[in-house]
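This report concerns only the one structure given below.
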Amino acid sequence: MLHIRQKQALQLFFVQFVLVVLNTAVFAMVWYLYFADRLDKPFYAKGDYAVILLFVVVYSLLARLYGGFALTISRITELIYSQGVALLISYGIMYIVTGLLMRVWPNPVPLLLAWAVSCFFAFLWARPANKATNRICPPTRTILIYLNEEAHKNGKAIIRSLSWRFDLEQEICASTPTQEICETIRESGVDTVMLCGIASSQRNDILKFCIMNDIRCMVRPNIGDFVMNSAPILQMDNLPVMMCQRATPSVVYAAGKRLADLLLGLVGLVIASPFMLVAALAIKLYDGGPVLFRQTRLTKDGRKFEILKFRSMRVDAEKDGVARLAAKADDRITPVGKVIRACRIDELPQIINILRGDMSLVGPRPERPEIAAQYEEHIPEFALRLQVKAGLTGYAQVYGKYNTAPYDKLQMDLMYIAQQSFVTDLKIIFATIKILFVPESTEGVDQGQTTAISEPEQTGVQ
1 MLHIRQKQAL QLFFVQFVLV VLNTAVFAMV WYLYFADRLD KPFYAKGDYA
51 VILLFVVVYS LLARLYGGFA LTISRITELI YSQGVALLIS YGIMYIVTGL
101 LMRVWPNPVP LLLAWAVSCF FAFLWARPAN KATNRICPPT RTILIYLNEE
151 AHKNGKAIIR SLSWRFDLEQ EICASTPTQE ICETIRESGV DTVMLCGIAS
201 SQRNDILKFC IMNDIRCMVR PNIGDFVMNS APILQMDNLP VMMCQRATPS
251 VVYAAGKRLA DLLLGLVGLV IASPFMLVAA LAIKLYDGGP VLFRQTRLTK
301 DGRKFEILKF RSMRVDAEKD GVARLAAKAD DRITPVGKVI RACRIDELPQ
351 IINILRGDMS LVGPRPERPE IAAQYEEHIP EFALRLQVKA GLTGYAQVYG
401 KYNTAPYDKL QMDLMYIAQQ SFVTDLKIIF ATIKILFVPE STEGVDQGQT
451 TAISEPEQTG VQ
């Protein structure tokens, strides 16, 4: 007999399957009506099926990567946007495949029209899919267990942002005896327990209790969890042992990643050169100041290097000598700077840093030594980010914001360090495309702040 969560997963699969079938039908139609007969060597039926299957695989993977099928945690607008990006890249990949098969670049208009139709289907599908999901997975009765004010705020923020998923019934401070907490969970009959900032020993007891009683447990991890996550499990004298050590990627991965940085960096430089030229001219014509902005940053093992960016602020932006992050509505940012920051064009010169070997395409964003020192004063573990080479993009850039708290950025960077692989790097590179035009991701810190450290973090409360 299926568990209720298995039944829900199966029903959600069919909701997703409807859109996959519709978009596959759109691609199949444009393939048979326009491309199939124009191949250098026309396929038999199996060849056509293989191309259509390739579209299904590419589209399904990208839609899942971008959250286009994240029905339980995404709003309708997020589903539509994610589907649009996934479909655009899927059709772009199929255009390249078609060009290789035809041995000539075909007219892109049929695929662009197919993309528009697929986006329309995604638009029509999103609202009914959202309603169906809410019927299949109604809000779960939830208890929030927190350690301190900051943990309480984080837990409430998660629940508030997913109000259609969680129905908060009780809030319990972790200072309550563990046995009493478990008894309250049992008597309440809730479906979900959310743990935020709980000490490991107490958390483990509550976690085991929830699993034994088939209660879903949502856990806000701590730094130690991410460090342990990267540890391989060894069998020593018939006992399992976790081996924790500084990040040491394999020689094959390190060499392959460097080769990918060089190849993709060169290709990226060629593609980005027109945008870089326009940005450089705009900056120079606006105030006559220098086009490039050089700044000392930290990379692997604390090595310093000069990062290159297009200047987006006034020439005298830090005339007082104080290192500070950009703030919301920062008057130091020029009109040209606002545009290039919003489109991430100001970051393009860092391709040169990648080619030099200072940075990688994927990795933790490099911090200024002064700001990193401030972070490490309050969060000593912040230095763990320096186990790997700094990067142009990473988990913190894809899932966080410019003003995301350093502790949260550190967790995301450690998650990447624990999961380093070619597949992870590829996923992050593709995921970066989705957030290029999301303005919230470049939002600055509050006025008066020099770093992204919030007040609770400055007092040591996390």
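In full-length UniProt numbering, the protein residues as written are 1 to 462.
C-beta atoms are modelled at their ideal positions from N, C-alpha and C, and glycine is treated no differently.
| query | With contact counted as at least three CB pairs below 8 Å, one residue from each stretch, are the region 182 to 191 and the region 373 to 387 in contact? | reply | no
| field | Own chain partners of glutamine 16 with C-beta closer than 6 Å, once the 5 adjacent residues on each side are dropped | value | Phe69
| request: Taking 8 Å as the threshold, find out whether the region 113 to 126 comes into contact with the region 136 to 151 through three or more Cβ pairs. | output: no
| Sub-8 Å separation of arginine 127 and isoleucine 76 beta-carbons | yes
| Just to confirm, are leucine 414 and phenylalanine 226 a CB contact at a threshold of 8 Å? | yes
| message | Let's test the definition: count the other Cβ atoms within 10 Å of the Cβ of isoleucine 435 and tell me whether it reaches 16, buried, or not, exposed. | response | buried
| request: Kindly indicate which residue of Pro369, Ala86 and Leu111 has the alpha-carbon position closest to the one of valine 97. | output: Leu111
| query | From which residue to which residue does the alpha helix (DSSP H) around residue 472 run? | reply | Shown here, the chain extends from 1 to 462; a query on residue 472 therefore has no answer.
| Looking at C-beta atoms only, is the number of pairs between the region 185 to 196 and the region 151 to 167 that lie closer than 8 Å three or more? | yes
| message | Assuming contact is defined by CB atoms lying nearer than 8 Å, are alanine 289 and valine 315 in contact in what I supplied? | response | The residue you asked about is not alanine; residue 289 is glycine in the sequence shown. Yes, the Cβ-Cβ distance between glycine 289 and valine 315 is below 8 Å.
| request: Taking the CB atoms as reference points, tell me whether leucine 12 and tryptophan 125 lie closer together than 8 Å. | output: no
| request: Assuming methionine 218 and methionine 228 form a contact by the criterion Cβ under 8 Å, report the distance between their Cβ atoms to the nearest whole angstrom. | output: Rounded, the Cβ-Cβ distance is 19 Å, inconsistent with contact.
| Reference asparagine 204; option with closest CA among Arg141, Arg220 and Gln420 | Arg220
| task | Return helix, strand or coil for serine 188, following the three-state DSSP convention. | result | helix
| Does the distance from the C-beta atom of tryptophan 115 to that of leucine 87 stay below 8 Å? | yes
| Out of Leu54, Gly67 and Leu71, which has the shortest C-alpha to C-alpha gap to glycine 92? | Leu54
| Best match in Pro232, Glu381, Ile172 and Ser312 for proximity to asparagine 222 [C-alpha to C-alpha] | Glu381
| How many angstroms separate the CA atom of serine 90 from the CA atom of asparagine 213? | 43 Å
| Are methionine 215 and threonine 178 touching if we call contact CB-CB under 8 Å? | The question names methionine, but residue 215 is isoleucine in the sequence shown. The answer is no: Cβ separation not under 8 Å.
| task | Compare the Cα-Cα distances from threonine 393 to each of Lys409, Leu384, Ile379 and Ala383 and report the closest residue. | result | Lys409
| query | Under three-state DSSP, which class holds lysine 401? | reply | coil
| query | DSSP on phenylalanine 166, reduced to helix/strand/coil? | reply | strand
| field | Member of Val57, Ile4 and Phe35 whose CA lies at the smallest distance from the CA of valine 104 | value | Phe35
| If we ignore side chains and look at the alpha-carbon of each, how far apart do methionine 359 and glutamine 245 end up? | 23 Å
| field | Length of the line joining the Cα atoms of glutamine 447 and arginine 165 | value | Here the model assigns glutamine 447 a pLDDT of 47, short of 50, so the residue's position is not dependable, and the following value carries that caveat. Roughly 34 Å separates the two Cα atoms.
| message | Spatial neighbours of leucine 275 within its chain, please: C-beta separation below 8 Å, excluding the five flanking residues on both sides. | response | For the sequence presented, residue 275 should be read as phenylalanine rather than leucine. These residues qualify, in order along the chain: Ile345 and Leu348.
| message | Only counting the same chain, and skipping five residues up and downstream in sequence, which positions put a Cβ closer than 7 Å to that of alanine 231? | response | Met242, Met243 and Cys244
| task | Since I believe proline 364 is in contact with proline 391 (beta carbons under 8 Å), could you give me their beta-carbon distance rounded to a whole number of angstroms? | result | Per the sequence shown, residue 391 should be read as glycine rather than proline. About 6 Å separates the two Cβ atoms, so the contact holds.
| query | Given a threshold of 16 other Cβ atoms within 10 Å of its Cβ, counted over all protein chains shown, does glutamine 350 qualify as buried or as exposed? | reply | buried
| task | Kindly indicate which residue of Arg311, Phe310 and Thr296 has the alpha-carbon position closest to the one of lysine 304. | result | Thr296
| message | Our contact map puts tyrosine 416 next to threonine 404 with C-beta atoms below 8 Å; I'd like the distance itself, whole angstroms only. | response | Their Cβ separation, rounded to whole angstroms, is 14 Å, which puts tyrosine 416 and threonine 404 out of contact at 8 Å.
| task | Quick one: give me the first and last residue of the alpha helix (DSSP H) that arginine 5 is part of. | result | 4 to 30
| query | So, is the C-beta of leucine 264 closer than 8 Å to a C-beta in chain C? | reply | Among the chains in the structure shown there is no chain C, since it carries only a single protein chain.
| query | Any idea if isoleucine 379 is buried or exposed, counting beta-carbon neighbours within 10 angstroms, 16 or more meaning buried? | reply | buried
| beta strand (DSSP E) runs wholly inside the region 69 to 116, at least 3 long, in chain order | none
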